[in-house]
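**Student:**
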Amino acid sequence: MKKLIFISALFFFLSNNYLIAVDKPTELENKIFKNLRCLICQGQSIYDSQSDFAESMKIVVRKNLEIGMSEEDIYKFMKKNYGEWVLYNPEINKGTYLLWSLPFLLFLIGGAIILRKLGVFKK
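Residue numbering for the sequence shown follows our numbering, beginning at 1 and increasing consecutively.
In structure tokens:
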């Protein structure tokens, strides 16, 4: 009985360490995972998300890297299949002008309000 428990424990520890070593993502994979948004967990990257969808996207990224796709090719592939929103750094185009200009506009408007309250723009 002791031998069976020992062999079971040995098998458990060896198999668990093997799975951890095989499943460890590379630096490039982690970079890509952090730059892709999970469509299920609004606001999380697939790196942070534990949803089934994020796990399947990780598998797709790994397979695409294995066949020789570059990082940019993977971003284009994901954008084509899931839309612009899947990227954390969307390109500047007609659809994203407001997205890119809104922080600058809010900064200018907020600065103007503060300067007016301080009395810089006296009438």
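The beta-carbon is built from N, C-alpha and C at its ideal position, and this holds for glycine as well.
Tell me whether Gly110 sits in a helix, a strand or coil according to DSSP, three-state version.
**Tutor:** As a working note, residue 110 is residue 110 in the sequence shown. Here Gly110 sits in helix by DSSP.
**Student:** Give the range of the alpha helix (DSSP H) segment to which Tyr47 is assigned.
**Tutor:** Taking the first residue of the sequence shown as 1, we reach residue 47 at position 47. Counting along the chain, Tyr47 falls outside any alpha helix (DSSP H), and DSSP gives it neither H nor E.
**Student:** Counting beta carbon pairs with one atom in the stretch 78-88 and one in the stretch 37-57, are three or more of them shorter than 8 Å?
**Tutor:** yes
**Student:** Helix or strand or just coil, what does DSSP make of Leu99?
**Tutor:** Position 99 of the sequence shown holds residue 99. Helix at Leu99.
**Student:** So, is Lys58 buried or exposed, given that buried needs 16 or more other C-beta atoms within 10 angstroms?
**Tutor:** For this step, residue 58 is matched to residue 58 along the sequence shown. Buried, by the Cβ-count rule.
**Student:** What span of residues does the alpha helix (DSSP H) with Glu132 cover, start to end?
**Tutor:** The shown model of the chain, from 1 to 123, leaves out residue 132, and the question about it has no answer.
**Student:** When we look at the beta-carbon of Met1 and count the other beta-carbons within 10 Å, is it buried (16 or more) or exposed?
**Tutor:** By one-based count along the sequence shown, residue 1 stands at place 1. Exposed: under 16 other Cβ atoms inside 10 Å.
**Student:** Determine the closest residue to Glu29 out of Lys79, Glu72, Pro90, with distance taken between C-alpha atoms.
**Tutor:** In the sequence shown, counting from the first residue as 1, residue 29 sits at position 29. Among Lys79, Glu72, Pro90, the Cα nearest to that of Glu29 is on Glu72.
**Student:** Check for me: the alpha helix (DSSP H) holding Phe77 runs from which residue to which?
**Tutor:** Within the sequence shown, the letter at position 77 stands for residue 77. Run containing Phe77: 71-82, per the alpha helix (DSSP H) assignment.
**Student:** Helix or strand or just coil, what does DSSP make of Leu87?
**Tutor:** Counted from its first residue, the sequence shown places residue 87 at position 87. DSSP places Leu87 in strand when its eight states are reduced to three.
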